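What follows is a single structure, written as structure tokens, with notes after it.
Next up, the structure:
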């Protein structure tokens, strides 16, 4: 397998061609330093076989504080040293990510002006940055050099300069953000050349990499693939490797999109950049979560190596499993972005819906510790919570059977959203662990001495609107499970603003009338980066959106809506209504030893998995 072959980057040799790329973790402390949690997080991927670990980008100058727990290079030496020591034990290279967010940063944390090439307002906050003076430019260039020296002295094998998303370096290179009329505008590559010169001088023989946006997806002024090929050719002699990414100030969500974008979306772009790189090793980035696609990309000449970041958040042992011919046991990344995309105002800790211990390596127990007293366990409900409870309990040594009243496993996740591959993995792992599955039965009676765990999920919530005689109302999960809808326009009531109603509206296209109380459809999708793309897709599919609307009455052939601000009511014709509203827990099972998942409180896959593990450990 070429993915597992060594690769030389400058003077360093990586044991394989899999990279764990830089990303926001929110694991830093209040002094903006790397912590023991960072060390454990990166060490876990190195122990799992990853060949190249690139740490979270550190701001090279204190003018940059882009998110609350963003590392600052002047505070990172001890952390870099600890990470390097821990990862080197397993043979991985450690590369320090170096950053400055420029105009895409934030003034919320240091209460300072943003620094940028030109006075272009930040797209999301609309904040106008400061036009950088020559002294500011010199300070940031010097900061890249000083950060490089600190990282290499600390034991890192090299550094990676970010000229991709959220990057001042990219902003100097792009006509979208650099509209200067001085030498820094006349030669838009001058800044990156100065940065790389300072970095190379400080790095000595250490590795120097560049993460470059090769398509800003704004061809009227941004970096285009043709322009990027020229940039790559001009810079490649100064680089030991190149990571090909995409995205701009207008397309931040396109750099690491969710499952709505195809995996490996940068394949064509990467192939072109490799042709321009003149032999410099090139890494493919772009939702590559399937090892088969990664292997194909190398063998087909798309790239020399592959970044598989989210895949290794989902399964830290991915590389080791490939090396031991157990690839069929790799936990899939479903590219939901629900808990691994954490660059937002809530500052959550990075983790994974399918592997909640990611990001919590120093806190979580050993879920699989053998039990001292094996028990007979019946798990009632074969959704995600039930399957994870059964899987972990069986691996601990309990004798487990799952009882599911439906004729299939997986619950909501099997029918709505991107969770299908994770459900299939759970089913396969339960089978390997010896879990007995009983489908099509609601018999929750336990045998003598059998511990009952309730994982029965949720049920439709209380409806706050009036339903008159003759009205047709469906529950959204029944529709996802195959219940046929009548012909004509279908109203979708979405008081949550989540992905399930949006997905159904996309499927129905011009037949959909999405009713939302918010100013924009799918309000909660901002957390996963899918808010703007979802609204684009709805527009493209021709769905109608009734904004700022409360559902009051459902009648035969129509719904009555109320404007949430003015109180004005209006009638919207439709053949039926699909309720996509809040769900409630199912009724408790008397005598159950524990509960997990939506029967506790309806939430997401993440909570279902986590609670399933906690229950299995407590049995």
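Residue numbers (the numbering used here): 16 to 634. No residue lacks a Cβ here, since even glycine has one placed at the ideal position from N, Cα and C. Model, not experiment: these values are computed from the prediction.
Return helix, strand or coil for residue 602, following the three-state DSSP convention. Within the chain shown, residue 602 is the residue found at index 587, counting from 1. It is coil, neither helix nor strand.
Would you mind reading off the limits of the alpha helix (DSSP H) that contains residue 514? Counted from its first residue, the chain shown places residue 514 at position 499. Its alpha helix (DSSP H) spans residues 514 to 523.
C-alpha gap between residue 328 and residue 117, whole angstroms: To locate residue 328, count along the chain shown from 1; it is residue 313. To locate residue 117, count along the chain shown from 1; it is residue 102. C-alpha separation (whole angstroms): 28 Å.
Applying the 10 Å Cβ sphere with the 16-neighbour rule, what's the burial state of residue 481? Mapped onto the chain shown, residue 481 falls at position 466. It counts as exposed.
Determine the direct distance from the alpha carbon of residue 430 to that of residue 346, and round the result to whole angstroms. Counting from 1 along the chain shown, the entry for residue 346 is found at position 331. Counting from 1 along the chain shown, the entry for residue 430 is found at position 415. Computed Cα separation, rounded: 19 Å.
With a threshold of 7 Å on Cβ separation, who are the neighbours of residue 254 within its own chain once the five nearest residues in sequence on each side are excluded? Numbered from 1 along the chain shown, position 239 holds the residue referred to as residue 254. Cβ within range, chain order: 223, 224, 225 and 295.
What does the Cβ neighbour count give for residue 201, buried or exposed, with the cut at 16 atoms within 10 Å? Taking the first residue of the chain shown as 1, we reach residue 201 at position 186. With fewer than 16 Cβ atoms within 10 Å of its Cβ, residue 201 is classed as exposed.
Do you know offhand how far residue 391's Cα is from residue 114's? The residue you call residue 391 lines up with position 376 of the chain shown. The residue you call residue 114 lines up with position 99 of the chain shown. Approximately 53 Å between the Cα atoms of the pair.
Note down, in chain order, each residue of its chain lying with its Cβ closer than 6 Å to the Cβ of residue 487, except the 5 sequence neighbours on either side. For the purposes of this step, residue 487 is taken as residue 472 along the chain shown, with counting starting at 1. Within the same chain, residue 487 has close Cβ partners 591.
Can you tell me whether residue 175 is helix, strand or coil according to DSSP? As a working mapping, residue 175 is identified with position 160 in the chain shown. Reduced to three states, the DSSP call for residue 175 is strand.
Whose CA, out of 193, 109 and 625, lies closest to the CA of residue 407? For this step, residue 407 is matched to residue 392 along the chain shown. When only C-alpha atoms are compared, the closest one is 625.
CB residue 261 to CB residue 302, shorter than 9 Å? The residue given as residue 261 occupies position 246 in the chain shown. The residue given as residue 302 occupies position 287 in the chain shown. It is not a contact, given that the beta carbons lie outside the stated cut-off.
Residue 34 - DSSP class collapsed to helix/strand/coil: The residue you call residue 34 lines up with position 19 of the chain shown. Strand, per DSSP.
For residue 468: DSSP bridge partner residues: Stepping through the chain shown from its first residue, residue 468 is reached at position 453. The partner list for residue 468 (beta bridge, DSSP) reads 394 and 609.
Answer yes if the segment 303 to 318 comes into contact with the segment 283 to 291, meaning at least three C-beta pairs across the two stretches below 8 Å, and no otherwise. yes
I need the straight-line Cα distance from residue 361 to residue 434, nearest angstrom please. Residue numbering aside, residue 361 sits at position 346 when the chain shown is read from its first letter. Residue numbering aside, residue 434 sits at position 419 when the chain shown is read from its first letter. So the two alpha carbons sit approximately 24 Å from each other.
Out of 139, 156 and 577, point me to the one whose CA is closest to residue 187's CA. Within the chain shown, residue 187 is the residue found at index 172, counting from 1. Answer by Cα proximity: 156.
Suppose you measure from the CA of residue 233 to the CA of residue 180; what does that come to, to the nearest Å? Taking the chain shown and counting its residues from 1, one reaches residue 233 at position 218. Taking the chain shown and counting its residues from 1, one reaches residue 180 at position 165. If I take the Cα positions, the gap works out to 14 Å.
Below 9 Å between beta carbons: does that hold for residue 279 and residue 249? In the chain shown, counting from the first residue as 1, residue 279 sits at position 264. In the chain shown, counting from the first residue as 1, residue 249 sits at position 234. Result no, Cβ atoms of residue 279 and residue 249 do not sit closer than 9 Å.
In the DSSP assignment, find the unbroken beta strand (DSSP E) run with residue 256 in it and report its ends. Indexing the chain shown from 1 puts residue 256 at position 241. Taken as a continuous stretch (DSSP letters only), the beta strand (DSSP E) holding residue 256 covers 256 to 260.
Would a C-beta distance cut-off of 9 Å place residue 231 and residue 544 closer than the cut-off? Here the question's residue 231 lines up with position 216 in the chain shown. Here the question's residue 544 lines up with position 529 in the chain shown. Contact: no.
Okay, do the segment 125 to 137 and the segment 57 to 68 touch, 3+ Cβ pairs below 8 Å being the bar? no
Taking all protein chains shown into account, decide if residue 353 is buried (16 or more other Cβ within 10 angstroms of its Cβ) or exposed. Position 338 of the chain shown, counting from 1, holds the residue named residue 353. Looking at its Cβ environment, which holds 16 or more other Cβ atoms inside 10 Å, residue 353 is buried.
Close-in-space but distant-in-sequence residues of the same chain around residue 410 (CB under 6 Å, 5 per side omitted): Translated into the one-based positions of the chain shown, residue 410 becomes position 395. Around residue 410: 383 and 448.
Measuring alpha carbon to alpha carbon, tell me which of 510, 371 and 88 ends up nearest residue 160. In the chain shown, counting from the first residue as 1, residue 160 sits at position 145. The residue with the shortest Cα to Cα distance from residue 160 is 88.
What does a CB cutoff of less than 6 Å around residue 326 pick up in its chain, not counting 5 residues either side in sequence? Counting from 1 along the chain shown, the entry for residue 326 is found at position 311. For residue 326, where only same-chain residues beyond five positions count, the Cβ hits under 6 Å are 304, 333 and 348.
Can you list, in chain order, the stretches of the alpha helix (DSSP H) that have 4 or more residues and sit fully within the segment 398 to 449? 399 to 411, 426 to 430 and 435 to 447
Report the residue from 276, 613, 519 and 506 whose alpha carbon sits nearest the alpha carbon of residue 589. Translated into positions along the chain shown, residue 589 becomes position 574. That would be 506, whose Cα lies nearest to the Cα of residue 589.
I'd like to check one pair, residue 418 with residue 393: are the Cβ atoms closer than 9 Å? Residue numbering aside, residue 393 sits at position 378 when the chain shown is read from its first letter. Residue numbering aside, residue 418 sits at position 403 when the chain shown is read from its first letter. In this structure, residue 418 lies closer than 9 Å to residue 393 by Cβ.
How many Å lie between residue 465 and residue 338 at the Cα? Here the question's residue 465 lines up with position 450 in the chain shown. Here the question's residue 338 lines up with position 323 in the chain shown. Straight-line Cα distance between these residues: approximately 39 Å.
Alpha carbon to alpha carbon, how far is residue 203 from residue 340? Numbered from its first residue, the chain shown carries residue 203 at position 188. Numbered from its first residue, the chain shown carries residue 340 at position 325. Cα to Cα, residue 203 sits roughly 48 Å from residue 340.
Of all the options 379, 167, 300 and 529, which has the alpha carbon lying nearest to the alpha carbon of residue 35? The residue you call residue 35 lines up with position 20 of the chain shown. Residue 35 has its Cα closest to that of 300, out of 379, 167, 300 and 529.
Bridge-paired residues (DSSP) for residue 475: Translated into the one-based positions of the chain shown, residue 475 becomes position 460. According to DSSP, which records beta bridges pairwise, residue 475 is partnered with 598.
Quick check for students: name the residue ranges of the beta strand (DSSP E) that lie wholly in the segment 354 to 379, counting only runs of 3 or more. none
If you measure between the beta carbons of residue 537 and residue 454, is that distance less than 9 Å? In the chain shown, the residue the question calls residue 537 occupies position 522. In the chain shown, the residue the question calls residue 454 occupies position 439. Result no, Cβ atoms of residue 537 and residue 454 do not sit closer than 9 Å.
Nearest chain D C-beta to residue 203 closer than 9 Å, yes or no? No chain D appears in this structure, which consists of one protein chain only.
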